[in-house]
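> Encoded as structure tokens, here's the structure I'll be asking about.
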Amino acid sequence: MLNYFLKRLLLIIPTLLGIMLISFVIIQFVPGGPVERMIAQLQGHGGDATARFSGGASGDFAAGSQSTGDSSSYRGAQGLDPEFIAELEKLYGFDKPAHERFFIMVKNYTKFDLGESYYHDRKVIDLVLDKLPVSISLGLWSTLIIYLISIPLGIKKAVKDGEKFDIWTSAAIFMGYAIPSFMFAILLIILFSGGRYFDVFPLRGITSDNFEDLTLLGQIADYFWHMTLPILSMVIGGFAGLTMLTKNSFLDEINKQYVLTARAKGLTEKRVLYGHVFRNAMLIVIAGFPSAFLAIFFTGSLLIEVIFSLDGLGLLGYESIINRNYPVVLGTLYIFALIGLVMTLVRDFVYVWVDPRIDFEAR
Numbered sequence: 106m107l108n109y110f111l112k113r114l115l116l117i118i119p120t121l122l123g124i125m126l127i128s129f130v131i132i133q134f135v136p137g138g139p140v141e142r143m144i145a146q147l148q149g150h151g152g153d154a155t156a157r158f159s160g161g162a163s164g165d166f167a168a169g170s171q172s173t174g175d176s177s178s179y180r181g182a183q184g185l186d187p188e189f190i191a192e193l194e195k196l197y198g199f200d201k202p203a204h205e206r207f208f209i210m211v212k213n214y215t216k217f218d219l220g221e222s223y224y225h226d227r228k229v230i231d232l233v234l235d236k237l238p239v240s241i242s243l244g245l246w247s248t249l250i251i252y253l254i255s256i257p258l259g260i261k262k263a264v265k266d267g268e269k270f271d272i273w274t275s276a277a278i279f280m281g282y283a284i285p286s287f288m289f290a291i292l293l294i295i296l297f298s299g300g301r302y303f304d305v306f307p308l309r310g311i312t313s314d315n316f317e318d319l320t321l322l323g324q325i326a327d328y329f330w331h332m333t334l335p336i337l338s339m340v341i342g343g344f345a346g347l348t349m350l351t352k353n354s355f356l357d358e359i360n361k362q363y364v365l366t367a368r369a370k371g372l373t374e375k376r377v378l379y380g381h382v383f384r385n386a387m388l389i390v391i392a393g394f395p396s397a398f399l400a401i402f403f404t405g406s407l408l409i410e411v412i413f414s415l416d417g418l419g420l421l422g423y424e425s426i427i428n429r430n431y432p433v434v435l436g437t438l439y440i441f442a443l444i445g446l447v448m449t450l451v452r453d454f455v456y457v458w459v460d461p462r463i464d465f466e467a468r
């Protein structure tokens with residue numbers, strides 16, 4: 106078993122390289138990069154943008170921006186001095202060939218040097234560390250609450266299969282499955298955040314402005330007061346699939362021969378359900394926790410962060426893509442990919458922990 110995990114650990118390196126290579130290549134073909142954006146600002150705002158670029162110094166840059174150079178690979182660069190374009194490329198790191206830039210990036214990434222943001226004047230790793238707690242809060246609380254609701258509800262539905270409880274809860278589950286989380290978020294804002302009816306919960310941020318002045322209990326209450334609507338919208342949109350997975354897993358186990366044998370021995374239904382069925386039925390559910398957390402953490406929180414103005418990784422990545430802030434885009438993707446690969450390895454550990462009979466190395 107140890108050999109299997111060592112092999113999987115070593116496979117993270119080429120997998121991560123492949124992800125970063127594909128992402129890097131795609132970015133090379135995306136129009137409207139930082140150099141083109143600066144050129145557009147120069148053409149649209151004249152001397153002001155040039156002054157901002159040159160640090161307020163007139164002279165070469167300002168004069169160059171008024172030159173009549175014609176040859177350029179950038180759209181809209183007509184009338185700008187080629188030397189000035191070369192300075193822009195050097196500023197944004199495009200003065201080297203693509204393959205050389207990629208290998209420099211990989212070398213820096215091995216030291217967790219993710220570069221510096223074009224527009225924030227900060228290192229990418231510092232930005233990621235600042236935004237990470239918000240996204241982890243959303244993903245972790247949402248995933249835990251979804252599991253705490255879905256597992257008991259799924260077990261109850263399996264035991265009451267076909268009865269009124271199962272039918273009515275299925276209707277609610279299908280509604281939650283059909284309506285995406287961001288639609289629930291908008292509905293909750295309209296109802297409870299001053300949209301039209303009640304103004305109970307705040308709409309922006311995860312803490313109040315006077316958070317530092319509050320007592321410890323006050324800070325905890327303030328935190329959950331701000332996080333209630335974002336977490337609730339993600340839970341409503343995410344518990345349906347796990348509930349049905351739990352129900353179907355239990356139904357599949359309940360109909361197996363060992364359950365009939367346990368009942369024939371005179372064991373109580375509670376002992377049969379939680380002493381025999383539970384462990385086998387929960388294998389797929391518990392082992393899927395890392396994947397479920399990643400799905401909520403990476404994809405589910407993006408629109409929620411945008412809707413509720415939560416300053417997390419989802420909002421940072423969205424703004425970076427819109428602004429073509431390539432160091433932040435590639436840096437966050439690197440962190441996401443690394444966490445995803447490690448969590449996949451954790452998933453295999455969980456499988457073995459839940460059911461020691463599983464042997465990946467034998468496979």
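Remember, this note's numbering sits 105 above the position in the sequence shown when you count from 1. Glycine included, each C-beta is placed from N, C-alpha and C at the ideal position.
What is the rounded straight-line gap between the Cα of ILE284 and the Cα of LEU292?
11 Å
> May I have the straight-line CA-CA distance separating TYR214 from ILE359, to the nearest angstrom?
50 Å
> My parser needs the alpha helix (DSSP H) runs of 4 or more residues fully inside the stretch 190-274; what are they?
203-214, 229-264
> For ALA290, count neighbouring Cβ atoms within 10 angstroms of its own Cβ and tell me buried if that reaches 16, exposed if not.
When all chains shown are included, ALA290 counts as buried.
> Relative to the C-alpha of GLY343, which candidate in GLY244, THR437, VAL434 has its C-alpha closest?
Of the listed residues, the one whose Cα sits closest to GLY343 is GLY244.
> Grab the span of the alpha helix (DSSP H) containing ARG346 for me, first residue to last.
Checking the displayed sequence, the identity of residue 346 turns out to be Gly instead of Arg. Counting along the chain, the alpha helix (DSSP H) containing GLY346 begins and ends at 321-359.
> Quick one: measure Cβ to Cβ for PHE306 and PHE297, integer angstroms, because I've assumed they're closer than 8 Å.
Rounded to the nearest angstrom, the Cβ distance from PHE306 to PHE297 is 5 Å, consistent with a contact under 8 Å.
> Looking at the unbroken alpha helix (DSSP H) that takes in THR366, where does it start and where does it end?
362-369
> Measuring only the C-alpha atoms, how far is PHE158 from ASP453?
Caution applies to PHE158, whose pLDDT of 46 falls short of 50 and renders its modelled position unreliable; the value that the coordinates give is listed next. Answer to the nearest angstrom: the Cα atoms are 51 Å apart.
> Could you give the first and the last residue of the continuous alpha helix (DSSP H) run that contains ILE132?
Residues 107-133.
> Assign ASP416 to one of three DSSP states: helix, strand, or coil.
coil
> For a quick check, are the C-beta atoms of LEU219 and GLY310 less than 9 Å apart?
By the CB criterion at 9 Å, LEU219 and GLY310 fall outside the cutoff.
> Quickly, what does DSSP pair ASP304 with across the bridge? List them, please.
SER298
> Just mark ILE127 as buried or exposed, buried being the case when its beta carbon has 16 or more other beta carbons within 10 Å.
Exposed, because fewer than 16 other Cβ atoms sit within 10 Å of the Cβ of ILE127.
> Which one of ASP327, ARG301, LEU319 has the shortest CA to CA distance from THR481?
Look at the range of the chain in this structure, 106 to 468, and you will see that residue 481 is not part of it.
> Just to confirm the assignment, what range does the alpha helix (DSSP H) spanning VAL377 have?
Looking at the DSSP string, the run of the alpha helix (DSSP H) that includes VAL377 is 374-377.
> Contact check, VAL382 vs VAL364 under 8 Å by CB: the rounded distance?
Contact between VAL382 and VAL364 holds: CB atoms are separated by about 6 Å, below the 8 Å threshold.
> May I have the straight-line CA-CA distance separating PHE110 from PHE303, to the nearest angstrom?
When rounded, the distance between both Cα atoms is 53 Å.
> Would you mind stating whether SER242 and LEU232 have Cβ atoms separated by less than 9 Å?
no
> Residue range of the alpha helix (DSSP H) that PHE383 falls in?
383-386
> Can you have a look at PHE134 and say buried or exposed, based on whether 16 or more other CB atoms are within 10 angstroms of its CB?
exposed
> Determine the burial state of THR437: buried for a count of at least 16 other Cβ atoms within 10 Å of its Cβ, exposed for fewer.
buried
> Can you round the beta-carbon distance between ASP266 and LEU356 to whole angstroms, since I take them to be within the 8 Å contact cut?
6 Å
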